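See below for the structure under consideration.
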Amino acid sequence: MDTSQPLLQPITVGSLNLKNRVWMAPMTRSRAANPENKVFELHEEYYRQRASAGLIISEGSQVSPQAVGYINTPGIYSAAQTEAWKGVAKAVHEADGHIFIQLWHVGRMSHPDFHGGELPVSASATNPNSKSFTPNGFKDTVTARAMTLEEIKQTIEDFKNAAKNAVEAGFDGVEIHSSNGYLFHQFFNTSSNHRTDEYGGSMENRARLLFEVIDAIKEVMPENRIGLRLNPSLHGVFGMTLDKDTIPTFDYIINRLNDYDLAYLHLSEPFTDVSEVPFAEQNIAKRYRPIYKGTLVINSAFDQKSGNEVIEAGLADAVAFGKPFISNPDLPERIAENADWAEWDQNTFYTPGEKGYTDYKRLEEAKVG
Ligand SMILES: Cc1cc2nc3c(=O)[nH]c(=O)nc-3n(C[C@H](O)[C@H](O)[C@H](O)COP(=O)(O)O)c2cc1C
321 MDTSQPLLQP
331 ITVGSLNLKN
341 RVWMAPMTRS
351 RAANPENKVF
361 ELHEEYYRQR
371 ASAGLIISEG
381 SQVSPQAVGY
391 INTPGIYSAA
401 QTEAWKGVAK
411 AVHEADGHIF
421 IQLWHVGRMS
431 HPDFHGGELP
441 VSASATNPNS
451 KSFTPNGFKD
461 TVTARAMTLE
471 EIKQTIEDFK
481 NAAKNAVEAG
491 FDGVEIHSSN
501 GYLFHQFFNT
511 SSNHRTDEYG
521 GSMENRARLL
531 FEVIDAIKEV
541 MPENRIGLRL
551 NPSLHGVFGM
561 TLDKDTIPTF
571 DYIINRLNDY
581 DLAYLHLSEP
591 FTDVSEVPFA
601 EQNIAKRYRP
611 IYKGTLVINS
621 AFDQKSGNEV
631 IEAGLADAVA
641 FGKPFISNPD
651 LPERIAENAD
661 WAEWDQNTFY
671 TPGEKGYTDY
681 KRLEEAKVG
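Structural data, given as structure tokens:
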């Protein structure tokens with residue numbers, strides 16, 4: 321056992337004492353039961369198996385029926401969904417873990433098939449030119465409809481309601497999914513936000529929705545139980561491209577987050593090679609560690625070595641691991657043992673049932689075959 325590694329040191333986040341810095345990144349697994357988009361016993365087992373993570377961040381969970389963009393993803397807007405999530409929070413707590421729920425609105429990354437033939441909504445009428453995983457298979461995305469001011473106000477209420485439900489369900493906190501080309505990101509970027517009202521134009525206006533949502537959620541839970549996720553150099557996926565305003569916008573947002581006492585800021589390094597992309601920032605941790613004063617979590621493609629190094633170098637306080645947690649439910653134990661990590665099977669990321677979900681072995685089970 322090698323428990324002196326930076327990844328395995330405890331960390332205090334707000335009022336939570338977390339046992340290590342090996343956090344589980346949010347991952348959609350498309351196993352929620354329709355038509356109500358509820359989690360059930362299978363999810364309880366999946367998250368219980370991964371409770372040795374310092375913090376689990378749940379799969380994205382939609383805050384309203386309008387927020388959905390992928391089949392079989394769970395919601396957190398109705399009483400029945402909230403009731404169902406109680407089992408997951410309880411299972412993780414009984415296994416001595418901590419769990420935040422990720423609050424999600426996909427905006428234009430959706431399809432009319434989810435909305436009775438109506439258009440999905442976004443900051444402006446734009447098309448991410450991507451694919452949507454609909455009940456009828458993969459389909460091309462369409463040009464979304466610009467949200468009205470009334471709909472923006474309702475969306476803020478939806479996030480607040482979802483956060484209230486999250487508290488009721490027993491979650492330790494929430495992560496606002498303001499990343500990866502979804503609704504908030506669509507407001508941040510000038511390529512997808514052409515508004516001329518107070519939600520478009522200046523950086524302050526493009527970031528307004530995010531700060532209004534944080535302020536609304538603060539009314540129903542302590543600020544230090546709210547985390548949020550950003551992916552500043554996202555390029556070429558989920559309809560996002562970088563322009564000269566992108567990084568300055570994230571600089572502005574992250575500076576302003578220092579006015580809050582949030583649980584953490586969760587940042588992703590670029591998902592794609594951006595070495596040739598004008599205006600991209602290639603090392604997100606390096607750029608933002610000096611700017612952000614609170615707990616900083618970094619993600620994307622880390623392994624044991626690079627995870628330990630990024631913490632050792634003082635560039636992040638914790639590392640969120642995604643795919644490695646799919647195939648290694650006991651990832652912190654494997655890190656402690658310096659054991660090999662099992663490979664994940666991409667074919668079962670989004671398929672129903674136990675296969676590729678709850679049937680990955682723990683280290684001691686793998687040893688005995
Ligand atoms: C199957 C799968 C589902 C994902 N779903 C989400 C999600 O719901 N919310 C989110 O913010 N990121 C999501 N991601 C992105 C991951 O959180 C993470 O950023 C990505 O896997 C890169 O980290 P890794 O290299 O450690 O896997 C997903 C990734 C995968 C592989």
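Under my numbering, the first residue of the sequence shown carries the number 321, and numbering increases by one thereafter.
Glycine is no exception: its CB is placed at the ideal position from the N, C-alpha and C atoms.
Since the model is a prediction, treat every value here as computed from it, not as a measurement.
Given residue i as reference, the closest of the options once Cα atoms are compared
i	options	result
T468	N337, A445, M429 and F622	A445
L530	V557, G559, T561 and E495	E495
H435	K410, V462 and P448	V462
P672	V359, V688, R576 and T475	V359
G684	D593, R654, S381 and D322	Looking at the sequence provided, one finds Glu at residue 684 rather than Gly. Nearest C-alpha to E684: R654.
S522	T569, S498 and R545	T569
V639	V617, A621, N658 and K625	V617
A636	N337, T332 and R341	R341
Y680	Y580, Q369, E657 and G334	Q369
G334	N619, Q506, H418 and A387	H418
A527	V688, D565 and F645	D565
D579	D593, E601 and I611	I611
P355	K625, G395 and G380	G395
Q382	N619, V540 and A482	A482
K410	K625, Y584, N658 and E488	E488
T678	N667, N658, V688 and S647	S647
K339	A373, M541 and N544	A373
N575	V594, K613, D593 and S398	K613
T332	Q325, L375 and N357	L375
V388	I573, L439 and E524	L439
E470	G380, A443, Q325 and N447	A443
G291	F420, Q602 and E361	Missing from the structure shown is residue 291; the chain here goes from 321 to 689 and no further.
N357	Y397, M344 and P330	Y397
E361	E674, V688, K687 and A686	E674
S498	G642, L577 and N603	L577
Q690	A399, G437 and M344	Past the boundaries of the shown model lies residue 690; the chain is included only from 321 to 689, so the question cannot be answered.
Pair within 9 Å by beta-carbon distance, residue i and residue j
i	j	result
R549	Q422	yes
A404	V441	no
D563	T510	yes
G407	G493	no
H431	Y502	no
I391	S350	yes
A371	V412	yes
P598	L327	no
S384	F491	no
A559	M347	What sits at residue 559 in the sequence shown is Gly, not Ala. Cβ distance not < 9 Å, so G559 and M347 don't count as in contact.
T402	N485	yes
G520	A464	no
A536	I476	yes
P644	D623	yes
T454	D478	no
A656	T323	yes
I567	A605	no
F504	V533	yes
A583	R545	yes
F641	N619	yes
Residue i Cβ short of 8 Å to ligand 2 heavy atom set
i	result
Y367	Judged by which ligands are present, ligand 2 is missing from the structure shown, whose ligands are ligand 1.
- Answer yes if the region 545-561 comes into contact with the region 514-523, meaning at least three C-beta pairs across the two stretches below 8 Å, and no otherwise. Not touching, per the Cβ criterion.
- Whole beta strand (DSSP E) elements within the region 505-553, 3-residue minimum: Listed in chain order, the beta strand (DSSP E) runs fully inside the region 505-553 are 546-550, counting runs of at least 3 residues.
- Do the region 654-664 and the region 355-368 touch if we need at least three Cβ pairs shorter than 8 Å? Taking a cut-off of 8 Å on C-beta distances, the region 654-664 does not touch the region 355-368, as fewer than three cross pairs fall below it.
- Item | Within the region 338-375, ranges of the beta strand (DSSP E) (whole runs, at least 3 residues) | Runs found: 342-344.
- Ranges of the alpha helix (DSSP H) found wholly within the region 404-479, counting only runs of at least 4: The qualifying runs do not exist here; there are none.
- Task: Jot down the residue ranges of each uninterrupted beta strand (DSSP E) in the region 615-647, minimum 3 residues, whole runs only, in chain order.
- Result: Correct list: 616-619 and 638-641.
- Item | Touching by the beta-carbon criterion (3+ pairs, under 8 Å), the region 574-589 and the region 627-635 | As far as the Cβ criterion goes, the region 574-589 does not touch the region 627-635, which means the pair count is below three.
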